[in-house]
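Under this note's numbering, the sequence shown is numbered contiguously, ending at residue 312.
Single-structure report; data block below.
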Amino acid sequence: MKAVIICGPTGSGKSSLALNLAEKFKGVIINADSVQIYREIKVLSGRPTSDDYRQAPHRLYGVMSIFKPCTLGIWRKMALETIKECDLSGHLPIICGGTGLYIKFLLNELSPIPDIPPSIKLEAREKLEELGNENFRELLLKNDPVSACRIKLGDTNRLLRAWEVFTATTKPLSYWHEQSRETGSKDKFFKVCLMPKREVLYSKCDKRFLDFVELGAIEEAEALNFITASPELPASKTLGLLELIKYTKGELKLSEAIEQAQRTTRRYAKRQLTWFRHQFDEDFLIQDLCCRKTVSDCFEKIVNFLG
Numbered sequence: 006m007k008a009v010i011i012c013g014p015t016g017s018g019k020s021s022l023a024l025n026l027a028e029k030f031k032g033v034i035i036n037a038d039s040v041q042i043y044r045e046i047k048v049l050s051g052r053p054t055s056d057d058y059r060q061a062p063h064r065l066y067g068v069m070s071i072f073k074p075c076t077l078g079i080w081r082k083m084a085l086e087t088i089k090e091c092d093l094s095g096h097l098p099i100i101c102g103g104t105g106l107y108i109k110f111l112l113n114e115l116s117p118i119p120d121i122p123p124s125i126k127l128e129a130r131e132k133l134e135e136l137g138n139e140n141f142r143e144l145l146l147k148n149d150p151v152s153a154c155r156i157k158l159g160d161t162n163r164l165l166r167a168w169e170v171f172t173a174t175t176k177p178l179s180y181w182h183e184q185s186r187e188t189g190s191k192d193k194f195f196k197v198c199l200m201p202k203r204e205v206l207y208s209k210c211d212k213r214f215l216d217f218v219e220l221g222a223i224e225e226a227e228a229l230n231f232i233t234a235s236p237e238l239p240a241s242k243t244l245g246l247l248e249l250i251k252y253t254k255g256e257l258k259l260s261e262a263i264e265q266a267q268r269t270t271r272r273y274a275k276r277q278l279t280w281f282r283h284q285f286d287e288d289f290l291i292q293d294l295c296c297r298k299t300v301s302d303c304f305e306k307i308v309n310f311l312g
């Protein structure tokens, strides 16, 4: 079994490249985006269009409810099952997405931390709201001093994660990070990473969000306005969602909501660029957006990989 992985920051053209390659290699595109997996978030996640589905088979898009968070373990299990199905049917699996942790977990580069029960996640958030970040970190310091010292006081999500892991497993997060990891089957995966220049990427992200608004992002946000009361749901972090919800409630002008959402997206893209630059060991680096030349170059590399 061999598969192709296409990753990179938001707006870099991953989906376009995957679609072109799927047509050339009889491929199936498998989602590796932590927001595109939720059925309720179609527009703001940039899910494939009806035309895209007609051009090539797509899997793991819109298959879960936002009320059932998709953990690394759940996604990896579904991805491996889908890859196996592709292998049996003679299709090339093309894993496509910008959620780096999904990719690293698929490649067995992350320790398998057990799933955290929703009740513990809720308890953690309630405790943090009661104590505040500083006192919450002091509490964490007693059980997981390594994580407590590493995590910045303002990094609420990481503080919560460390507390949840210890509460659920009775072992600190640092313990799980130190566990021996399985030997990954990296030779079975050809890893492509799109890393356009920052200014080019930012411009693409800005235009892309305007396209989302034209495609119905405001209506989607209005239907999801209840999510502001459920910050523990991963879907609440969807880029641009909270800004557009504020617009639907009259708290922001549309121009303000769009400007803030674009700024949030650019910051996220910057973090992704940094993450992929330092955390991802690609086989083929594309320092541009998807275009005819990048498709052609990538095609040749994959032909050689498949033998």
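All C-beta atoms in this analysis are idealised placements derived from N, C-alpha and C, irrespective of residue type, glycine included.
Everything numeric in this text was worked out from a predicted model, so none of it was measured.
Relative to the alpha-carbon of residue i, which residue among the options has its alpha-carbon at the smallest distance?
i: residue 68; options: 30, 129, 41; result: 41
i: residue 145; options: 171, 270, 64, 44; result: 171
i: residue 26; options: 310, 312, 311, 303; result: 303
i: residue 173; options: 261, 155, 149, 193; result: 149
i: residue 213; options: 16, 11, 9, 8; result: 16
i: residue 128; options: 165, 81, 208, 307; result: 165
i: residue 35; options: 44, 22, 63; result: 63
i: residue 217; options: 73, 263, 193, 279; result: 263
i: residue 277; options: 235, 89, 154, 103; result: 103
What is the C-beta distance between residue i and residue j, in whole angstroms, given that I count them as a contact (C-beta under 8 Å)?
i: residue 97; j: residue 31; result: 6 Å
i: residue 1; j: residue 161; result: This structure gives no information on residue 1, because the portion of the chain shown stretches from 6 to 312.
i: residue 230; j: residue 258; result: The pair is not a contact, with the Cβ atoms about 17 Å apart (cut-off 8 Å).
i: residue 273; j: residue 244; result: 6 Å
i: residue 178; j: residue 152; result: 5 Å
i: residue 105; j: residue 210; result: Actually they are not in contact, since the Cβ atoms of residue 105 and residue 210 sit about 17 Å apart, beyond 8 Å.
What are the boundary residues of the alpha helix (DSSP H) that includes residue i?
i: residue 13; result: Looking at the DSSP string, residue 13 is not in any alpha helix (DSSP H), and its letter there is neither H nor E.
i: residue 100; result: Not the alpha helix (DSSP H): residue 100 falls in the beta strand (DSSP E), residues 97-101.
i: residue 156; result: No alpha helix (DSSP H) holds residue 156; DSSP gives it neither H nor E.
i: residue 262; result: 259-284
i: residue 112; result: Taken as a continuous stretch (DSSP letters only), residue 112 belongs to no alpha helix (DSSP H), as it is neither H nor E.
i: residue 220; result: 203-220
i: residue 246; result: 246-253
i: residue 169; result: 161-174
i: residue 303; result: 297-311
Determine the extent of the beta strand (DSSP E) in which residue i is found, giving its start and end residues.
i: residue 231; result: Looking at the DSSP string, residue 231 is not in any beta strand (DSSP E), and its letter there is neither H nor E.
i: residue 199; result: 194-199
i: residue 290; result: 289-291
Problem set entry | Complete runs of the alpha helix (DSSP H) confined to the segment 116-149 [at least 4 residues] | 123-136, 138-148
Problem set entry | Meets three-Cβ-pair contact criterion under 8 Å: the segment 212-228 and the segment 243-263 | yes
For this session: Can you check the segment 26-88 for any alpha helix (DSSP H) of at least 4 residues that lies completely inside it and give the ranges in chain order?
Result: 55-60
Exercise. Taking three-plus beta-carbon pairs below 8 Å as touching, is the segment 284-294 in contact with the segment 194-203?
Worked result: yes
Exercise. Does the pairing of the segment 6-14 with the segment 259-272 give three or more beta-carbon distances under 8 Å?
Worked result: Contact annotation: the segment 6-14 does not touch the segment 259-272, with fewer than three C-beta pairs closer than 8 Å.
Exercise. Between the segment 40-60 and the segment 236-247, do at least 3 Cβ pairs fall closer than 8 Å?
Worked result: yes
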